[in-house]
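Using numbering that gives the first Met the number 0, read the sequence shown as starting at 0 and increasing by one per residue. Idealized CB from N, CA, C, for every residue including glycine.
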Amino acid sequence: MKKDSYLKQIRYESWANNSIIDAFMKASFPMESTHQIISHNLNAFSIWLKRIKNEEVTIKLWDTHTIDELSLLNVTLYSDWSNYLGTLDDNDFYKKVSFTFMGKKASISIEDLIIHLINHSSYHRGQVIQQLKGKLLALPLSTYIAFAIETETDYKS
């Protein structure tokens, strides 16, 4: 079932973002650009969910949240996305979301949008990890396999 798979992806997303946020908060002299990228990552998920639900978007893609707000926003986004996905059936994932991209009208299926968001987020988490090198004793794990081993009983020895 598509819904179960995407709910798992959102659970992974929250777990990975939490790992990155925790590492950022522990880093010695973190860069402002790192803070901006983490905020941007969360903002993308927030903005797209509002677009899907036809709600007013009140934040901008590159708005920066306070350090304290990052963890709370991550928890809120996990809850909001999980609740939304929980209302869908498999056919709903093919519904299109309309938007403007680089000045042109476009549309994308909810399924493709989720795939885009996960890939977008993984890319930016990689940037954050690169920027955290040398600022932490151990870099955070944010890969899907690390998530699966930590959270799924099927993968534990």
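For residue 150, three-class secondary structure by DSSP: DSSP places residue 150 in helix when its eight states are reduced to three.
Simplified DSSP state of residue 92, which is helix, strand or coil: helix
Contained beta strand (DSSP E) runs [length at least 3] in the region 19-79, N- to C-terminal order: none
Per DSSP, cross-strand counterpart(s) of residue 108: 95
Exposure label - residue 32; buried when at least 16 CB within 10 Å: exposed
Expected contact under 8 Å - CB spacing of residue 146 and residue 1 to nearest Å: In fact, because the Cβ distance is near 19 Å, the residues do not count as touching under 8 Å.
Presumed contact (8 Å Cβ cut-off) between residue 41 and residue 76, rounded CB distance: 6 Å
Beta-carbon spacing of residue 130, residue 30 below 7 Å: yes
C-beta contact flag for residue 20 and residue 139 at 7 Å: no
As assigned by DSSP and simplified to three states, the class of residue 103: strand
Beta carbon of residue 39 nearer than 7 Å to that of residue 14: Contact flag unset, no.
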